[in-house]
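*Asks:* If you count the sequence shown from 1, you need to add 14 to reach my numbering.
C-beta atoms are modelled at their ideal positions from N, C-alpha and C, and glycine is treated no differently.
Dropping a structure here in structure tokens format, bear with me for questions.
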Amino acid sequence: MRIFRYLSRKGKKRAFQREKLRQKLRERYSDFLELLSSNVELADIISDISETLRTGKIVGMNYVRSRATLAVSHALRMIRALNRMSGNRYASLYEVFDSLKNSIEKEISLAPPSLPRTIVFPLSHVDLTMGDWVGGKSAHLGEIASRAKLPVPEGFAVSVKAFHIFFEKNDLKAEISKLKQLTDFNDTAATQNLSEQIQALILRSPVPDEVKDALLAAFDGLARRKKAEDFSVAVRSSAVGEDTERSFAGQYVSLLNVSREKLVDAYKIVVASLYTPRALAYRFYSGIPDEDVTMGVLCLEMIDSVAAGVIYTADPTSPSSNQIIISAVWGLGPYAVEGRVQPDRYVVDRSRPLKIAEIRVSEKPVQLVRNPSGGLRETAVSPEKITAPCLREDQIITLAEYGLRLESHFGCPQDAEWALDPEGRLLILQSRPLQYVEREKDGRDEVVEVKGLEPIISGGETACPGAGAGRVFIIRDEEDLDKFPEGGILVARHSSPQFVVLMNKASAIVCEYGSTTGHMASVAREFGIPTLLGVPGAMERLKEGMEVTVDATGRRIFAGTIRELLRNRDRRKATVPGTPVHNILARVAQYIVPLNLTSPRDPSFSPHNCRTIHDIMRYVHEKSYEEMFTIGDALSDEIRFALRVKASLPIDLYIIDLGGGLAKEDLFLEKDSVEIEEIVNPPLRALLSGMTDEKVRQKEPRPVDLRGFLSVMTEQMLSPPKLGAERFGDRSYAMISDKYLNFNSRVGYHYSLLDAYCGKTVHKNYVSFSFMGGAADDLRRHRRAECIGIILKELGFSVEVKGDRVTGRIVKYEAPYLLECLRQIGLMLEYTRQMDMLMSTDKSAEFFARRFLEQNYRLDDLC
Numbered sequence: 015m016r017i018f019r020y021l022s023r024k025g026k027k028r029a030f031q032r033e034k035l036r037q038k039l040r041e042r043y044s045d046f047l048e049l050l051s052s053n054v055e056l057a058d059i060i061s062d063i064s065e066t067l068r069t070g071k072i073v074g075m076n077y078v079r080s081r082a083t084l085a086v087s088h089a090l091r092m093i094r095a096l097n098r099m100s101g102n103r104y105a106s107l108y109e110v111f112d113s114l115k116n117s118i119e120k121e122i123s124l125a126p127p128s129l130p131r132t133i134v135f136p137l138s139h140v141d142l143t144m145g146d147w148v149g150g151k152s153a154h155l156g157e158i159a160s161r162a163k164l165p166v167p168e169g170f171a172v173s174v175k176a177f178h179i180f181f182e183k184n185d186l187k188a189e190i191s192k193l194k195q196l197t198d199f200n201d202t203a204a205t206q207n208l209s210e211q212i213q214a215l216i217l218r219s220p221v222p223d224e225v226k227d228a229l230l231a232a233f234d235g236l237a238r239r240k241k242a243e244d245f246s247v248a249v250r251s252s253a254v255g256e257d258t259e260r261s262f263a264g265q266y267v268s269l270l271n272v273s274r275e276k277l278v279d280a281y282k283i284v285v286a287s288l289y290t291p292r293a294l295a296y297r298f299y300s301g302i303p304d305e306d307v308t309m310g311v312l313c314l315e316m317i318d319s320v321a322a323g324v325i326y327t328a329d330p331t332s333p334s335s336n337q338i339i340i341s342a343v344w345g346l347g348p349y350a351v352e353g354r355v356q357p358d359r360y361v362v363d364r365s366r367p368l369k370i371a372e373i374r375v376s377e378k379p380v381q382l383v384r385n386p387s388g389g390l391r392e393t394a395v396s397p398e399k400i401t402a403p404c405l406r407e408d409q410i411i412t413l414a415e416y417g418l419r420l421e422s423h424f425g426c427p428q429d430a431e432w433a434l435d436p437e438g439r440l441l442i443l444q445s446r447p448l449q450y451v452e453r454e455k456d457g458r459d460e461v462v463e464v465k466g467l468e469p470i471i472s473g474g475e476t477a478c479p480g481a482g483a484g485r486v487f488i489i490r491d492e493e494d495l496d497k498f499p500e501g502g503i504l505v506a507r508h509s510s511p512q513f514v515v516l517m518n519k520a521s522a523i524v525c526e527y528g529s530t531t532g533h534m535a536s537v538a539r540e541f542g543i544p545t546l547l548g549v550p551g552a553m554e555r556l557k558e559g560m561e562v563t564v565d566a567t568g569r570r571i572f573a574g575t576i577r578e579l580l581r582n583r584d585r586r587k588a589t590v591p592g593t594p595v596h597n598i599l600a601r602v603a604q605y606i607v608p609l610n611l612t613s614p615r616d617p618s619f620s621p622h623n624c625r626t627i628h629d630i631m632r633y634v635h636e637k638s639y640e641e642m643f644t645i646g647d648a649l650s651d652e653i654r655f656a657l658r659v660k661a662s663l664p665i666d667l668y669i670i671d672l673g674g675g676l677a678k679e680d681l682f683l684e685k686d687s688v689e690i691e692e693i694v695n696p697p698l699r700a701l702l703s704g705m706t707d708e709k710v711r712q713k714e715p716r717p718v719d720l721r722g723f724l725s726v727m728t729e730q731m732l733s734p735p736k737l738g739a740e741r742f743g744d745r746s747y748a749m750i751s752d753k754y755l756n757f758n759s760r761v762g763y764h765y766s767l768l769d770a771y772c773g774k775t776v777h778k779n780y781v782s783f784s785f786m787g788g789a790a791d792d793l794r795r796h797r798r799a800e801c802i803g804i805i806l807k808e809l810g811f812s813v814e815v816k817g818d819r820v821t822g823r824i825v826k827y828e829a830p831y832l833l834e835c836l837r838q839i840g841l842m843l844e845y846t847r848q849m850d851m852l853m854s855t856d857k858s859a860e861f862f863a864r865r866f867l868e869q870n871y872r873l874d875d876l877c
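Here's what the structure looks like:
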């Protein structure tokens with residue numbers, strides 16, 4: 015009886031231990047898979063960030079925040095999984111992680127803006143230092159009045175405090191953020207839809223009383239000072255950042271001839287113009303975070319201008335030409351910058367005394383004037399003025415002097431708007447840094463001779479030099495914007511700031527009407543789009559779908575693609591620094607992308623030397639395998655844990671069955687080894703079928719290149735000893751379930767890792783493989799890695815070779831094909847074993863790869 019009780023107790027103990035082991039295996043396997051999943055995701059994120067920075071791909075702040083947040087999230091997930099696997103042996107990683115997380119959050123978080131106490135400032139109290147409070151346009155104009163001492167209209171600046179009160183009281187920021195999250199700004203229709211939703215949201219929100227009262231009080235004060243009947247104002251956008259390094263030319267709305275009754279609604283319309291399609295697209299393609307943009311508003315006394323236009327204190331297409339360019343139209347200024355009318359062009363030499371170098375008078379049949387009932391209206395220009403110059407010569411010189419004073423005051427070439435009032439006063443309405451294209455030192459901006467070909471169109475004005483080829487697409491109305499093809503040539507009657515939504519697609523722009531001093535021309539220069547303006551008959555002569563090459567530098571258009579004109583067709587941005595979003599991404603990337611921990615054998619391979627998220631990922635990934643392969647040591651010696659594979663293999667392979675990988679459950683409780691036939695895990699069976707294939711097994715000793723052999727001996731004598739503990743001994747391990755395989759082999763100086771899942775769901779299926787090491791010198795090891803890379807590419811893997819390391823991955827294939835890939839990898843592992851000694855020339859990698867792919871596995875014929 016005692017013996018039965020003893021056996022019963024022992025059986026229960028073994029059953030308890032069996033269940034304990036099963037539970038521990040499940041938990042550790044679950045943690046390990048979670049860790050590996052985050053490792054793959056994090057590797058993709060790091061690669062994506064690196065590629066974005068390398069190529070200059072256009073991204074918004076949503077991209078930066080999402081990639082940074084995901085990188086931090088996956089790193090934490092890996093740390094937690096490793097600590098669960100190890101009994102919290104790596105808790106010091108949390109401190110390193112927290113430091114990196116705080117540094118990343120500091121870069122992507124926006125500090126609360128410093129708000130002024132005042133909602134409205136008289137323009138006479140504003141200067142350039144107040145740009146963050148009143149926006150760029152107000153700050154510049156106030157500076158011009160108070161410091162540069164040039165004539166400007168009277169007015170007042172509505173500060174960004176009004177904007178923040180308006181948004182906070184209506185909870186607009188949160189609502190807009192929700193709407194923007196899923197929008198693809200490369201999709202013109204999606205951007206249009208987003209714009210309509212946001213603007214409607216803003217326009218139906220009430221302006222808080224404190225803002226409304228401040229606006230009306232400022233209007234009333236200005237009206238009293240001017241003592242004018244039917245007093246009205248121009249309500250102009252003045253966004254923070256506007257009129258600085260990035261022009262925002264024509265991207266926001268300004269309303270002219272606004273009465274007191276319509277002032278509050280006009281304020282909302284201008285604020286809502288932050289989210290016009292062209293403004294959204296401009297910020298996205300310029301890399302300007304939406305969160306960085308707030309809207310101030312500038313209200314100026316309405317000037318019934320006789321004429322108006324623009325001053326460029328340098329030629330934007332040739333800044334060294336020593337010329338000032340002035341444009342002018344009759345009536346109010348919008349027609350001078352929107353392309354509706356071809357303006358007069360006056361060129362002044364900058365040398366003292368100032369002299370007029372050119373007067374080019376255009377036909378100006380219509381003008382924009384103030385409507386007595388509010389707003390604006392277009393009227394016909396009297397016949398005698400249609401072809402008459404808008405300015406006298408003395409007025410041209412006066413405007414040139416104003417331009418030079420502005421340039422001197424602000425320290426860079428200026429793009430200024432002016433108006434001539436009924437009393438004959440010339441007033442400055444706005445000034446900002448001129449967007450210009452630097453001349454290339456390599457001569458790419460010079461006119462290229464095209465022999466044997468005549469242009470189909472010649473003439474026009476160069477708004478941005480360069481050349482572009484593509485198929486003609488004619489824009490006739492707003493609906494055509496959604497249909498514009500990638501790489502097309504944009505052809506239109508009038509230039510328009512709306513075209514900014516297409517500047518990521520257009521190869522070149524051609525317009526029949528428009529000025530090099532207009533808003534669209536400024537934006538084209540910012541984005542480096544070859545642009546020709548003032549090209550008569552372009553809409554009729556350039557047919558839809560016609561393939562053409564636009565040479566904006568030479569002011570000509572050719573049929574077909576002219577390669578010699580496109581030899582340097584890379585787009586050049588205007589001379590502004592890196593975009594804010596890319597600058598932020600670069601700062602964030604320094605905490606995520608670099609890899610400093612490279613070798614697990616190096617004494618510096620430790621948590622306190624992790625300086626980036628990539629370092630944490632590398633360290634945790636390496637240690638996770640140690641934890642998986644030492645799990646047996648933590649359990650009772652009475653329970654055999656890993657089963658040795660009984661087969662003629664070049665490795666000492668042990669299997670850890672996580673459930674479903676062997677023909678019989680709990681085989682380790684019965685014996686210490688397993689036959690290949692008892693393995694039912696398809697990926698491992700496929701791998702082993704290749705490794706044991708008689709066609710690839712070498713019955714004779716492998717041939718040895720003498721130099722390769724000496725290379726191995728030299729490496730072993732000069733390299734530090736490689737301790738067995740650092741390689742997990744000479745054992746190789748395979749963790750298996752019903753569909754999953756994780757194979758880790760460290761033999762001698764070779765290390766191969768394979769991770770695979772082969773099931774019925776295609777999108778879950780994958781094989782990841784990496785191989786590194788060898789006993790020969792660096793060059794021979796690299797050649798073998800290249801050989802393996804060639805083979806993997808032929809199988810359909812995406813491959814990367816760095817030094818002696820090759821990594822490959824294939825995803826989303828049917829299981830039968832991936833199983834064949836695994837069989838081929840098994841063949842390859844046996845074929846390339848000790849092959850580094852044979853890699854004697856640069857052609858060796860290709861030579862041995864081709865033999866393998868031709869199923870010629872023999873090496874004895876090379877002796």
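Can you look up R745 in the DSSP assignment and give me helix, strand or coil?
*Replies:* Taking the sequence shown and counting its residues from 1, one reaches residue 745 at position 731. Three-state DSSP puts R745 in a strand.
*Asks:* Quick check: the Cα distance between G389 and E475, rounded to an integer number of angstroms?
*Replies:* As a working note, residue 389 is residue 375 in the sequence shown. As a working note, residue 475 is residue 461 in the sequence shown. Taking the straight line from one Cα to the other gives about 32 Å.
*Asks:* Consult DSSP for P447 and reduce its assignment to one of helix, strand or coil.
*Replies:* To locate residue 447, count along the sequence shown from 1; it is residue 433. Looking at P447 - three-state DSSP - the assignment turns out to be strand.
*Asks:* With a threshold of 8 Å, are at least 3 pairs of Cβ atoms found where one atom belongs to the segment 855-875 and the other to the segment 800-818?
*Replies:* Enough Cβ pairs lie closer than 8 Å, so yes.
*Asks:* Return the bridge partner residues of C624 from the DSSP annotation.
*Replies:* Translated into positions along the sequence shown, residue 624 becomes position 610. In the DSSP output, where bridge partners are listed per residue, C624 has none listed.
*Asks:* Out of S766, V781 and L767, which one is the CA nearest neighbour of G773?
*Replies:* Your numbering for residue 773 matches position 759 in the sequence shown. Nearest option by C-alpha distance: V781.
*Asks:* Whole-angstrom Cβ separation of Y289 and V221, contact assumed at under 8 Å?
*Replies:* Residue 289 sits at position 275 when you count from the first residue of the sequence shown. Residue 221 sits at position 207 when you count from the first residue of the sequence shown. With a Cβ gap of about 17 Å, Y289 and V221 do not count as contacting.
*Asks:* Can at least three beta-carbon pairs, one atom from the segment 240-252 and one from the segment 266-275, be found at a separation below 8 Å?
*Replies:* These segments touch.
*Asks:* Report all residues from its chain with a CB closer than 6 Å to the CB of C426; omit the five preceding and five following residues, and keep chain order.
*Replies:* Indexing the sequence shown from 1 puts residue 426 at position 412. So the qualifying residues of the chain are P447.
*Asks:* For the candidate residues E526, D62 and A95, whose alpha-carbon lies nearest to that of A82?
*Replies:* In the sequence shown, the residue the question calls residue 82 occupies position 68. Considering only alpha carbons, the answer is D62.
*Asks:* Let's see if you can read the secondary structure: which residues bound the beta strand (DSSP E) around S766?
*Replies:* The sequence position of residue 766 within the sequence shown is 752, counting from 1. H764 to Y771 is the span of the beta strand (DSSP E), which, as asked, contains S766.
*Asks:* Put Q211 into one of helix, strand or coil per three-state DSSP.
*Replies:* In the sequence shown, counting from the first residue as 1, residue 211 sits at position 197. It is helical.
*Asks:* For my contact list, L67 and A603 are in at a C-beta cut-off of 8 Å; report their separation, rounded to the angstrom.
*Replies:* The count along the sequence shown starts at 1 and reaches residue 67 at position 53. The count along the sequence shown starts at 1 and reaches residue 603 at position 589. The pair is a contact, with the Cβ atoms about 6 Å apart (cut-off 8 Å).
*Asks:* For R823 and F811, which I take to be in contact (beta-carbon distance under 8 Å), what is that distance rounded to the nearest angstrom?
*Replies:* Within the sequence shown, numbered from 1, the residue matching residue 823 stands at position 809. Within the sequence shown, numbered from 1, the residue matching residue 811 stands at position 797. Yes, they are in contact, since the Cβ atoms of R823 and F811 sit about 6 Å apart, within 8 Å.
*Asks:* Mapping the DSSP letters down to three states, classify T393 as helix, strand or coil.
*Replies:* Against the sequence shown, residue 393 aligns to sequence position 379. Three-state DSSP puts T393 in a strand.
*Asks:* What separation, rounded to the nearest whole angstrom, lies between the Cα atoms of R250 and R359?
*Replies:* The sequence position of residue 250 within the sequence shown is 236, counting from 1. The sequence position of residue 359 within the sequence shown is 345, counting from 1. Approximately 26 Å between the Cα atoms of the pair.
*Asks:* What residue range is occupied by the uninterrupted beta strand (DSSP E) comprising K369?
*Replies:* The sequence position of residue 369 within the sequence shown is 355, counting from 1. K369 to R374 is the extent of the beta strand (DSSP E) around K369.
*Asks:* Using only the alpha-carbon positions, how far apart do N870 and L467 sit?
*Replies:* Within the sequence shown, the letter at position 856 stands for residue 870. Within the sequence shown, the letter at position 453 stands for residue 467. N870 and L467: Cα-Cα distance of roughly 56 Å.
*Asks:* Buried or exposed: where does E157 fall if 16 or more other Cβ atoms within 10 Å of its Cβ makes it buried?
*Replies:* Translated into the one-based positions of the sequence shown, residue 157 becomes position 143. It counts as buried.
*Asks:* Please go through the segment 58-143 and give each complete beta strand (DSSP E) segment of 3 or more residues, from N-terminal end onward.
*Replies:* Qualifying beta strand (DSSP E) stretches, in chain order: 134-136.
*Asks:* Check whether the Cβ atoms of L809 and Q838 sit closer than 8 Å, and answer yes or no.
*Replies:* As a first step, residue 809 is located in the sequence shown; it is residue number 795 there, counting from the start. As a first step, residue 838 is located in the sequence shown; it is residue number 824 there, counting from the start. Yes; because the gap between Cβ atoms is below 8 Å, this pair is in contact.
*Asks:* Between which residues of its own chain and L269 is the CB-CB distance below 6 Å, once the five residues before and five after are set aside?
*Replies:* In the sequence shown, the residue the question calls residue 269 occupies position 255. Hits under 6 Å: V249 and A280.
*Asks:* Run through the DSSP bridge pairs and tell me what L546 is partnered with.
*Replies:* Along the sequence shown, read from residue 1 onward, the residue named residue 546 stands at position 532. Its beta-bridge partners are T476 and V524.
*Asks:* Please report the distance separating the alpha-carbon of Y771 from that of H777.
*Replies:* Working through the sequence shown from its first residue, we reach residue 771 at position 757. Working through the sequence shown from its first residue, we reach residue 777 at position 763. Taking the straight line joining both Cα atoms gives about 10 Å.
*Asks:* Under DSSP, the alpha helix (DSSP H) around L193 begins and ends at which residues?
*Replies:* Counted from its first residue, the sequence shown places residue 193 at position 179. First-last of the alpha helix (DSSP H) with L193: L186 to K194.
*Asks:* Are L193 and S638 closer than 8 Å when you measure CB to CB?
*Replies:* Taking the first residue of the sequence shown as position 1, residue 193 is located at position 179. Taking the first residue of the sequence shown as position 1, residue 638 is located at position 624. Contact flag unset, no.
*Asks:* Quick one: what does DSSP say R797 is sitting in, helix, strand or coil?
*Replies:* Taking the sequence shown and counting its residues from 1, one reaches residue 797 at position 783. In the structure shown, R797 sits in a helix (DSSP, three-state: H, G or I).
*Asks:* Relative to the C-alpha of Y831, which candidate in A700, D856 and G323 has its C-alpha closest?
*Replies:* Your numbering for residue 831 matches position 817 in the sequence shown. When each option's Cα is compared against that of Y831, the closest is A700.
*Asks:* Starting from the Cα of E492, find the closest Cα among R79, G480, S510 and L90 and give me that residue.
*Replies:* Translated into positions along the sequence shown, residue 492 becomes position 478. Of the candidates R79, G480, S510 and L90, the one whose C-alpha sits nearest the C-alpha of E492 is S510.
*Asks:* Quick one: is V461 buried, meaning 16 or more other Cβ sit within 10 Å of its Cβ, or exposed?
*Replies:* For the purposes of this step, residue 461 is taken as residue 447 along the sequence shown, with counting starting at 1. V461 is exposed by the Cβ-count criterion.
*Asks:* Name the DSSP bridge partner or partners of G822?
*Replies:* As a position in the sequence shown, residue 822 is number 808, starting the count at 1. According to DSSP, G822 bridges with F783 and V813.
*Asks:* Taking G145 and A253 to be in contact with their CB atoms under 8 Å, please state how far apart those CB atoms are, rounded to whole angstroms.
*Replies:* Working through the sequence shown from its first residue, we reach residue 145 at position 131. Working through the sequence shown from its first residue, we reach residue 253 at position 239. Contact doesn't hold; Cβ gap of about 10 Å is too wide.
*Asks:* Just list the residues that DSSP pairs S687 with in beta bridges.
*Replies:* Residue 687 sits at position 673 when you count from the first residue of the sequence shown. Bridge partners of S687: R658.
*Asks:* Rank V515, I470 and V148 by C-alpha distance to the C-alpha of I489 and give the top, closest one.
*Replies:* By 1-based counting over the sequence shown, the position of residue 489 is 475. Comparing Cα-Cα distances from I489 to each of V515, I470 and V148, the minimum goes to V515.
*Asks:* Let me check understanding here. Comparing Cα to Cα, which of A342, R366, S332 and S521 lies closest to R374?
*Replies:* Position 360 of the sequence shown, counted from the first residue, corresponds to residue 374. Of the candidates A342, R366, S332 and S521, the one whose C-alpha sits nearest the C-alpha of R374 is A342.
*Asks:* Quick check on DSSP: helix, strand or coil for T563?
*Replies:* Walking along the sequence shown from the start, residue 563 turns up at place 549. Correct three-state label for T563: strand.
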